[in-house]
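Engineer: Below are the structure tokens for one structure; questions will follow.
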Amino acid sequence: MDQALHRHTLVDILRRSAAREPDKLAIVCGEVRWTYAAFHDIVERLAAGLAKRAIVKGDRVAVLARNSHAFAALRFALARLGAVLVPINFMLKADEVAYILHHSSARLVATDSGLVDVARAASALDTMVETLIWIPGEERSTPTPGLVRFDELAAEPGPAPRVELSGSDLAQIVYTSGTESAPKGAMLTHDAVLWQYVSCIVDAEIARGDLALHALPLYHCAQLDVFLGPSVYVGATNVITAKPTPDNLLPLIARHRVTSFFAPPTVWIALLRSPMFETTDLSSLAKGYYGASIMPVEVMRELSRRLPKVRLWNLYGQTEIAPLATMLGPEDQLRKPGSCGRAVLNVETRVVDDTMHDVPKDGRSIGEIVHRSPQLLDGYFHDDERTLAAFQGGWFHSGDLATIDAEGYVSVVDRKKDMIKSGGENVASREVEEVIYRIDGVSEVAVIGLPHPEWVEAVVAVLVRKTGASIDEAAVVAHCRESLASFKVPKRVLFAPSLPKNPSGKLLKRELRKSFDALFTAPR
Numbered sequence: 002m003d004q005a006l007h008r009h010t011l012v013d014i015l016r017r018s019a020a021r022e023p024d025k026l027a028i029v030c031g032e033v034r035w036t037y038a039a040f041h042d043i044v045e046r047l048a049a050g051l052a053k054r055a056i057v058k059g060d061r062v063a064v065l066a067r068n069s070h071a072f073a074a075l076r077f078a079l080a081r082l083g084a085v086l087v088p089i090n091f092m093l094k095a096d097e098v099a100y101i102l103h104h105s106s107a108r109l110v111a112t113d114s115g116l117v118d119v120a121r122a123a124s125a126l127d128t129m130v131e132t133l134i135w136i137p138g139e140e141r142s143t144p145t146p147g148l149v150r151f152d153e154l155a156a157e158p159g160p161a162p163r164v165e166l167s168g169s170d171l172a173q174i175v176y177t178s179g180t181e182s183a184p185k186g187a188m189l190t191h192d193a194v195l196w197q198y199v200s201c202i203v204d205a206e207i208a209r210g211d212l213a214l215h216a217l218p219l220y221h222c223a224q225l226d227v228f229l230g231p232s233v234y235v236g237a238t239n240v241i242t243a244k245p246t247p248d249n250l251l252p253l254i255a256r257h258r259v260t261s262f263f264a265p266p267t268v269w270i271a272l273l274r275s276p277m278f279e280t281t282d283l284s285s286l287a288k289g290y291y292g293a294s295i296m297p298v299e300v301m302r303e304l305s306r307r308l309p310k311v312r313l314w315n316l317y318g319q320t321e322i323a324p325l326a327t328m329l330g331p332e333d334q335l336r337k338p339g340s341c342g343r344a345v346l347n348v349e350t351r352v353v354d355d356t357m358h359d360v361p362k363d364g365r366s367i368g369e370i371v372h373r374s375p376q377l378l379d380g381y382f383h384d385d386e387r388t389l390a391a392f393q394g395g396w397f398h399s400g401d402l403a404t405i406d407a408e409g410y411v412s413v414v415d416r417k418k419d420m421i422k423s424g425g426e427n428v429a430s431r432e433v434e435e436v437i438y439r440i441d442g443v444s445e446v447a448v449i450g451l452p453h454p455e456w457v458e459a460v461v462a463v464l465v466r467k468t469g470a471s472i473d474e475a476a477v478v479a480h481c482r483e484s485l486a487s488f489k490v491p492k493r494v495l496f497a498p499s500l501p502k503n504p505s506g507k508l509l510k511r512e513l514r515k516s517f518d519a520l521f522t523a524p525r
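Mapping the sequence shown onto the working numbering, position 480 (from 1) lands on 481, and the numbers just tick up by one.
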């Protein structure tokens, strides 16, 4: 029987949306506006152009680029050919990019004008890269001489050649950005990604009528696969931008009458602190999503107060589960503050101790979050040892510590690596952060553990003040003493103009630890 009769892959969802509503606006990016029919046609022609460049099923193709319509088209064109997308963090240095190119055996790199120098330098190292492709960005730019041009590839007459595809074929290898010496390449099939899309559509209520703004980097699976992919699946309209700053985002929401927007807590905080917030028409916004890192409870309450008509979702997960695992819906934001909710439709989640037994569902006992799901990775590319470790006991180990209550609501306590061991006692950095966020005048805070000659690790808070606030170290320490056990109270409170973050908005605590590593050994 012809496999195409039953086929369900990433490219099929675009074709079906284009067949249902060919004239509906699919993609808006800068001056570009594509209907679903035009989007599908460009993907077919782009795939034909890539095929002419000898890209075949199973080839790994890296994308080192900022958000654009071209990035979205390339994502589906690679799926059309059965090629494997390898998205790369554009903040990496050339040697870090080269590691991913080498490890994945990527044959082709697509890049934009702003990143072409890094792409060239990385490709020239120990890699198998044969071709660099220039893709346009959100703003007009001049094609880079010597690179194959996106528009030339997309000018190839379609359709692309027929390729035998199935849901079990590999769709993407996404390299994790952990603290380990070498990043891991999570292998995700079409099936895994599409099961996750279904979970997003059902539990996060992604719908055909949405007008979604995609502002966080598409190299990150949260924006690519929790929002853009499911939105294409249902036939929603998508505004793509590469600039997740308040002075860009707020006008875009107003101009396009955006109804749906995702951002990590750091971006939501930046919007709330912007002087434009109160003067921008945000009345169209109906759905707000946060994730990628823990939302401070006080900030979530401020969002609910200042955007009372916006329904909020907390989405939690990680790359290896494609990436959505649990969800806290709008009805539970104030009832279960700080929780990341319960497992989504196609995920089974437990919180277990070191012997793989469930911890008590009392909301206090701490264990590790583990998952089973068709959304999970097939393993880590060329890394059997870490694959085996991740699936010990027949469940995927997240590395996140959490509690679970009697209703099954999970609350992340900390990453295992972020748990502070001070004077023999465990201190969850999140607990201290939540207490500090209650102080008027605190914009952002990160709590870390630093080497200490007496305590082994000392609790240290790095704080960003709100504009005009005069809060000092003594006030923060006094406030913490009122709410926390003495061993949890910060030994030092440091002030900074901002906190280091990656392009996805995650706080880079490892950078803070590196910056202040010698705090208790250097003279004050």
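All residues carry an ideal CB built from backbone N, CA and C; glycine is no exception. All figures in this text were calculated on a predicted structure; none of them were measured in a lab.
From the DSSP output, in three-state form, read off residue 517 for me.
Structural biologist: Counted from its first residue, the sequence shown places residue 517 at position 516. DSSP places residue 517 in coil when its eight states are reduced to three.
Engineer: Hey, residue 451 and residue 517 are a contact pair by Cβ (cut 8 Å); roughly how many whole angstroms apart?
Structural biologist: Sequence index remark: in the sequence shown, residue 451 carries index 450 (1-based). Sequence index remark: in the sequence shown, residue 517 carries index 516 (1-based). Contact flag correct, Cβ pair sits at about 6 Å.
Engineer: Here's the rule I'm using: 16 or more other beta-carbon atoms within 10 Å means buried, otherwise exposed. How should residue 457 be labelled?
Structural biologist: For the purposes of this step, residue 457 is taken as residue 456 along the sequence shown, with counting starting at 1. Exposed, because fewer than 16 other Cβ atoms sit within 10 Å of the Cβ of residue 457.
Engineer: What number of angstroms, rounded off, separates the C-alpha of residue 410 from the C-alpha of residue 233?
Structural biologist: Here residue 410 corresponds to residue number 409 of the sequence shown, with the count starting at 1. Here residue 233 corresponds to residue number 232 of the sequence shown, with the count starting at 1. Near 30 Å, if we compare the C-alpha coordinates of residue 233 and residue 410.
Engineer: Report, in whole angstroms, the separation of the C-beta atoms of residue 376 and residue 224, which I expect to be a contact under 8 Å.
Structural biologist: For the purposes of this step, residue 376 is taken as the residue at position 375 of the sequence shown. For the purposes of this step, residue 224 is taken as the residue at position 223 of the sequence shown. Wrong, their Cβ atoms sit about 17 Å apart, outside the cutoff.
Engineer: Can you find at least 3 beta carbon pairs, one from the segment 104–112 and one from the segment 53–63, that sit closer than 8 Å?
Structural biologist: With a cut-off of 8 Å, the segment 53–63 and the segment 104–112 count as touching, because enough Cβ pairs lie within range.
Engineer: Who are the Cβ neighbours of residue 235 in its own chain at under 7 Å, not counting the five residues just before and after it?
Structural biologist: For the purposes of this step, residue 235 is taken as the residue at position 234 of the sequence shown. So the qualifying residues of the chain are 202, 207, 208 and 209.
Engineer: Can you tell which of 257, 306 and 489 has its C-alpha closest to the C-alpha of residue 422?
Structural biologist: By one-based count along the sequence shown, residue 422 stands at place 421. Closest by alpha carbon: 489.
Engineer: Leaving aside the five residues before and after residue 181 along the sequence, list all residues of the same chain whose C-beta is less than 8 Å from its C-beta, in chain order.
Structural biologist: Position 180 of the sequence shown, counting from 1, holds the residue named residue 181. Interpretation of residue 181 is limited by its pLDDT of 43, a score under 50 that renders its predicted location unreliable; the figure taken from the coordinates is listed afterwards. Excluding positions up to five away in sequence, the list is empty.
Engineer: Does at least one heavy atom of the ligand ZN sit under 6 Å from the Cβ of residue 511?
Structural biologist: Summarising the ligand content, the structure contains no ligands, and the ligand ZN is consequently not present.
Engineer: Going straight from the alpha carbon of residue 321 to that of residue 472, what length do you get?
Structural biologist: The residue given as residue 321 occupies position 320 in the sequence shown. The residue given as residue 472 occupies position 471 in the sequence shown. Cα to Cα, residue 321 sits roughly 41 Å from residue 472.
Engineer: Taking all protein chains shown into account, do 16 or more other C-beta atoms lie within 10 angstroms of the C-beta of residue 342, making it buried, or fewer, making it exposed?
Structural biologist: Position 341 of the sequence shown, counting from 1, holds the residue named residue 342. Its Cβ being crowded by 16 or more others within 10 Å, residue 342 is buried.
Engineer: Helix, strand or coil for residue 257 per DSSP?
Structural biologist: Taking the first residue of the sequence shown as 1, we reach residue 257 at position 256. Helix at residue 257.
Engineer: Using the three-state DSSP reduction, which class does residue 327 fall into: helix, strand or coil?
Structural biologist: Taking the first residue of the sequence shown as 1, we reach residue 327 at position 326. In this structure, residue 327 counts as strand in the three-state DSSP scheme.
Engineer: Excluding five sequence neighbours on each side, which residues of the same chain lie with their C-beta closer than 6 Å to the C-beta of residue 501?
Structural biologist: For the purposes of this step, residue 501 is identified with residue 500 of the sequence shown, where counting begins at 1. Correct list, in chain order: 509 and 512.
Engineer: Is it the case that the Cβ atoms of residue 415 and residue 439 are separated by a distance below 7 Å?
Structural biologist: If you number the sequence shown from 1, residue 415 lands on position 414. If you number the sequence shown from 1, residue 439 lands on position 438. Cβ distance not < 7 Å, so residue 415 and residue 439 don't count as in contact.
Engineer: On the DSSP letters alone, give me the boundaries of the beta strand (DSSP E) that residue 368 sits inside.
Structural biologist: Residue numbering aside, residue 368 sits at position 367 when the sequence shown is read from its first letter. That run of the beta strand (DSSP E) goes 368–373.
Engineer: Is the beta carbon of residue 339 less than 7 Å from the beta carbon of residue 326?
Structural biologist: Translated into the one-based positions of the sequence shown, residue 339 becomes position 338. Translated into the one-based positions of the sequence shown, residue 326 becomes position 325. No, the pair does not count as a contact, with Cβ atoms beyond the cut-off.
Engineer: Hey, how far is the Cα of residue 412 from the Cα of residue 49?
Structural biologist: Looking up residue 412 in the sequence shown gives position 411. Looking up residue 49 in the sequence shown gives position 48. Distance between the alpha carbons of residue 412 and residue 49 is about 47 Å.
Engineer: Which runs of the alpha helix (DSSP H), 4 residues or longer, sit entirely within the segment 433–510?
Structural biologist: List check, alpha helix (DSSP H) in window: 474–484.
Engineer: Could you work out which residue in 200, 231 and 199 is closest to residue 213 when comparing CA atoms only?
Structural biologist: Residue mapping note: residue 213 aligns to position 212 of the sequence shown, counting from 1. Answer by Cα proximity: 231.
Engineer: Is residue 184 closer than 7 Å to residue 216 when the C-beta atoms are compared?
Structural biologist: Along the sequence shown, one-based indexing puts residue 216 at 215. Along the sequence shown, one-based indexing puts residue 184 at 183. No, the Cβ-Cβ distance between residue 216 and residue 184 is not below 7 Å.
Engineer: Since residue 404 is in the beta strand (DSSP E), which residue starts that stretch and which ends it?
Structural biologist: Residue numbering aside, residue 404 sits at position 403 when the sequence shown is read from its first letter. Counting along the chain, the beta strand (DSSP E) containing residue 404 begins and ends at 397–405.
Engineer: Cα separation between residue 176 and residue 87?
Structural biologist: Walking along the sequence shown from the start, residue 176 turns up at place 175. Walking along the sequence shown from the start, residue 87 turns up at place 86. Using only the alpha carbons, I get a separation of about 8 Å.
Engineer: Are at least three pairs of beta-carbons, each pair with one atom in the segment 246–254 and one in the segment 292–309, less than 8 Å apart?
Structural biologist: Verdict: no, contact absent.
Engineer: Would you mind sorting residue 393 into buried or exposed? The rule is 16 or more other CB atoms within 10 Å of its CB.
Structural biologist: Translated into positions along the sequence shown, residue 393 becomes position 392. It counts as exposed.
Engineer: State the DSSP-derived secondary structure class of residue 127, mapped to helix, strand or coil.
Structural biologist: As a first step, residue 127 is located in the sequence shown; it is residue number 126 there, counting from the start. In the structure shown, residue 127 sits in coil (DSSP, three-state: anything other than H, G, I, E or B).
Engineer: Judging by CA-CA distance, which residue of 312, 276, 7 and 195 is the nearest neighbour of residue 335?
Structural biologist: Reading the sequence shown from its first residue, position 334 is the one you call residue 335. Of the listed residues, the one whose Cα sits closest to residue 335 is 312.
Engineer: DSSP state of residue 215, grouped into three classes?
Structural biologist: Here residue 215 corresponds to residue number 214 of the sequence shown, with the count starting at 1. Note: residue 215 maps to strand in three-state DSSP.
Engineer: Does the distance from the C-beta atom of residue 77 to that of residue 12 stay below 7 Å?
Structural biologist: For this step, residue 77 is matched to residue 76 along the sequence shown. For this step, residue 12 is matched to residue 11 along the sequence shown. Contact flag set, yes.
Engineer: On the three-state DSSP scale, how would you describe residue 426?
Structural biologist: Against the sequence shown, residue 426 aligns to sequence position 425. It is a strand residue.
Engineer: Do three or more CB pairs link the segment 37–56 to the segment 140–157 at distances below 8 Å?
Structural biologist: The segment 37–56 is in contact with the segment 140–157.
Engineer: Taking the alpha-carbon positions, what's the residue 391 to residue 330 distance?
Structural biologist: Position 390 of the sequence shown holds residue 391. Position 329 of the sequence shown holds residue 330. Approximately 28 Å between the Cα atoms of the pair.
Engineer: State the Cα-Cα distance for the pair residue 161 and residue 51, rounded to the nearest angstrom.
Structural biologist: In the sequence shown, residue 161 corresponds to position 160, counting from 1. In the sequence shown, residue 51 corresponds to position 50, counting from 1. Looking at the two C-alpha atoms, the distance is approximately 9 Å.
Engineer: Relative to the C-alpha of residue 265, which residue among 444, 295, 15 and 366 is closest?
Structural biologist: If you number the sequence shown from 1, residue 265 lands on position 264. For residue 265, the nearest C-alpha among the options comes from 295.
Engineer: Taking residue 174 as the reference, give the member of 240, 29, 80 and 205 with the closest Cα.
Structural biologist: Within the sequence shown, residue 174 is the residue found at index 173, counting from 1. It is 80 whose Cα lies nearest to the Cα of residue 174.
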